[in-house]
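In the numbering used here, the protein residues as written are 222 to 630.
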């Protein structure tokens, strides 16, 4: 193992922490899958192997004994907090998190049971509702980090959602183009159509639809930074006659549309507003019209536990966010008189997308840091990208395009 930070060898654990250490050590000794190499703060190293190796291996260098209190009191989020505080490191964060994610169910039986910690986390999440004002605040905290930040590591299309790879030889930009094409083709988007994009980001799909289909596009965003960028993008591309970008909440849309597209915006809607979202889609979609929605979902068996807790992403990255399960989405479609036509799943494409984002983020850090971001921010984003990559590889979360139409009255 190697790391950019050296542990302090022969540093014994402080009094009162041995019981906490034994709990974490017990978890390592009882791995079900994979291999984890651990370097403890006192300099000793141990290799822990599960019953099934699955050729997966992770390394962790623990720098500070205080990490164990964080893990026992805060569970998975405590472990993440320890990384942000540089209490542990690893030469390959994605590999380590993949191994640990495979053992997550077993670990959750032993850690993260502190009900007070869960209550505080849940209350802080519930205080971030996605009302109109709440949505703007929540979106601001993520997307308004600055266009320059995202330009440094996204592909040239400025697309911040899963790509669709024909092969791994595809560039990220080509794979994003393929994702747009899949959605447009699947909703049978034609030149004569007017398509509404709910959550248009920096304008990638709007540009694709106007340029390659020739249709009229109305794109919605509630991020001022994205609005400014997308407006200028359409002006530079000569598409202002076809594309209208609006700084508007989806709940305030008036009119009817031939087609509706929404790419990874639904995750920020919030569970309380899921019926509102689909009722709005149903009310503004013309009879016979189609909608294509790209949505990240969580395994239905894990949804009940997930919704009662606040994970790393909800705590640090997308406050107010919530993933649905596929079963819940189908129920919401039915209640809004929407018929599901087809579903296309591509979770491993998201894992590949995240791996490329992570590499680009790392390679561009020397240009990102001068924008005003510190090392804690760097570790937070490294953890976020690796955490998501592990989830898609494991299958705990998936990404799909759902193609729906409105049931006849």
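All C-beta atoms, glycine included, are put in the ideal place defined by N, C-alpha and C.
Values in this document were obtained by computation on a predicted structure and should not be read as measured data.
Out of 382, 474 and 522, which one is the CA nearest neighbour of residue 572?
382
In the DSSP output, what is residue 282 paired with across the bridge?
260 and 310
Distance check for residue 242 and residue 561, CA to CA, integer angstroms please.
50 Å
In three-state terms, what does DSSP make of residue 508?
strand
Cutting at 7 Å between CB atoms, please list the residues of its own chain near residue 448, excluding the five before and the five after it.
442, 466 and 468
Using the three-state DSSP reduction, which class does residue 524 fall into: helix, strand or coil?
helix
Exposed or buried, what is residue 610 when buried is set at 16 or more other beta-carbons lying within 10 Å of its beta-carbon?
buried
Is the beta carbon of residue 559 less than 9 Å from the beta carbon of residue 482?
no
Best match in 498, 595, 576 and 556 for proximity to residue 419 [C-alpha to C-alpha]
498
Between residue 322 and the rest of its own chain, which residues show a CB-CB distance below 6 Å, the 5 nearest in sequence each way excluded?
611 and 615
Rounded to the nearest angstrom, what separates residue 403 and residue 620 at their Cα positions?
14 Å
With distances taken Cα to Cα, identify the nearest neighbour of residue 542 among 531, 594 and 552.
531
Closer than 8 Å is the cut-off here; do at least three beta carbon pairs connect the segment 279-288 with the segment 245-262?
yes
Measuring CB to CB, does residue 435 end up less than 9 Å from residue 412?
yes
Are there 16 or more other CB atoms within 10 angstroms of the CB of residue 433, so buried, or fewer, so exposed?
exposed
Please give the ranges of any beta strand (DSSP E) in the segment 388-462, keeping only runs that are unbroken, at least 3 residues long and fully inside the region.
415-419 and 437-442
Measuring straight from C-alpha to C-alpha, what distance separates residue 613 and residue 569?
6 Å
Alpha carbon to alpha carbon, how far is residue 461 from residue 201? Give it in angstroms, no decimals.
Examination of residue 201 is not possible in this model, given that the chain is present from 222 through 630 alone.
What's the gap between the Cα of residue 307 and the Cα of residue 255?
24 Å
Suppose contacts are defined by Cβ-Cβ distances below 9 Å. Is residue 577 in contact with residue 318 by that definition?
no
So for residue 533, helix, strand or coil by DSSP?
helix
If residue 384 and residue 397 are in contact, beta carbons under 8 Å, what's the gap, nearest whole angstrom?
5 Å
What residues match up with residue 621 in a beta bridge as DSSP calls it?
516 and 566
Suppose contacts are defined by Cβ-Cβ distances below 9 Å. Is residue 485 in contact with residue 545 by that definition?
no
Classify residue 502 as helix, strand or coil using the three-state DSSP reduction.
helix
Rounded to whole angstroms, what's the CA-CA distance from residue 623 to residue 565? Just pull it up for me.
7 Å
Please report the Cβ distance between residue 608 and residue 487, rounded to the nearest whole angstrom; I am assuming they are in contact, meaning their Cβ atoms lie under 8 Å.
Not really, about 20 Å apart at Cβ, beyond 8 Å.
Simplified DSSP assignment, three categories, for residue 265
coil
Find out if the Cβ-Cβ distance for the pair residue 438, residue 416 is shorter than 9 Å.
yes
Give every residue of the same chain whose Cβ lies closer than 7 Å to the Cβ of residue 340, excluding the five residues on either side of it in the sequence, and list them in chain order.
Because the pLDDT of residue 340 is 38, which lies under 50, any placement of that residue in the model is unreliable, and the number read from its coordinates should be weighed accordingly. Within the same chain, residue 340 has no close Cβ partners at all.
With DSSP as the reference, identify every bridge partner of residue 483, one or two as the case may be.
514
Give the DSSP-derived three-state secondary structure of residue 348 in the structure shown.
Only weak support is given to the placement of residue 348: the predicted model assigns it a pLDDT of 47, under 50, and the value that follows is read from those uncertain coordinates. Of the three classes helix, strand and coil, the one that applies to residue 348 here is coil, per DSSP.
By DSSP, does residue 362 sit in helix, in strand, or in coil?
Reliability fails at residue 362, whose pLDDT of 48 lies under 50, so the model's placement of it is uncertain and the value that follows must be treated cautiously. Of the three classes helix, strand and coil, the one that applies to residue 362 here is helix, per DSSP.
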